[in-house]
Amino acid sequence: MASIQDLILNQVQSMAGSIDVPSNLKNQVISGLSDSILGSLKQTATQAGGLDAIKALVSGKTAAASSPVTALAGKLFAGNIASKLGLNTAQTSSATAIIPNVVGKVSQ
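Residues in the sequence shown are numbered consecutively from 3, following the numbering used here.
The structure is reproduced here in structure tokens:
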């Protein structure tokens, strides 16, 4: 059975074609997105009400696009990864745009 980390990475890789970043940074962006989504799940799980937010996401009561897990993953990527890689606003937006889709697929 695949781990949640493997599931996230596989989904990010399958959607990576739509990310508009320099090819030499693509692997780092993919890794950063995966790490940000996993980090978001971990952080959300430790916060008050976090497990309920994750349950709502997994059960379909909350759409991935409006989930606090998705929002936090975007913030983590933009703050921790994109800035270190020197991505501009458009590149960061292109990368973070796939996060709701990845979170939605993984939560299924």
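Every residue gets a Cβ at the ideal spot worked out from N, C-alpha and C, and that includes glycine.
A quick note: this is a predicted structure, and the numbers were derived from the prediction, not measured.
Beyond the five residues adjoining it in sequence on each side, L27 comes within less than 7 Å, by CB distance, of L87 in the same chain, given in chain order. Counting C-beta pairs with one atom in each stretch, the stretch 13-24 and the stretch 45-60 have fewer than three that are closer than 8 Å, which means they do not touch.
For the pair of segments examined, the stretch 69-86 was found to touch the stretch 102-109: the number of CB pairs separated by less than 8 Å reaches three.
Here I56 has L43, T46, A47 and V71 as same chain residues with Cβ atoms under 8 Å from its own Cβ, once five neighbours each way along the sequence are excluded. Bounds of the alpha helix (DSSP H) holding G41 are K28 to T48.
In the assembly as shown, T91 is an exposed residue. Its beta-carbon has fewer than 16 other beta-carbons within 10 Å.
If you check the CB distance, Q93 and L40 do not come in under 7 Å.
Going by beta carbons, I21 and S95 fall outside the 7 Å limit. Closest by C-alpha distance to A84, out of G62, L53, I32 and V60, is I32. Rounded to whole angstroms, the separation of the alpha carbons of V105 and K77 is 14 Å.
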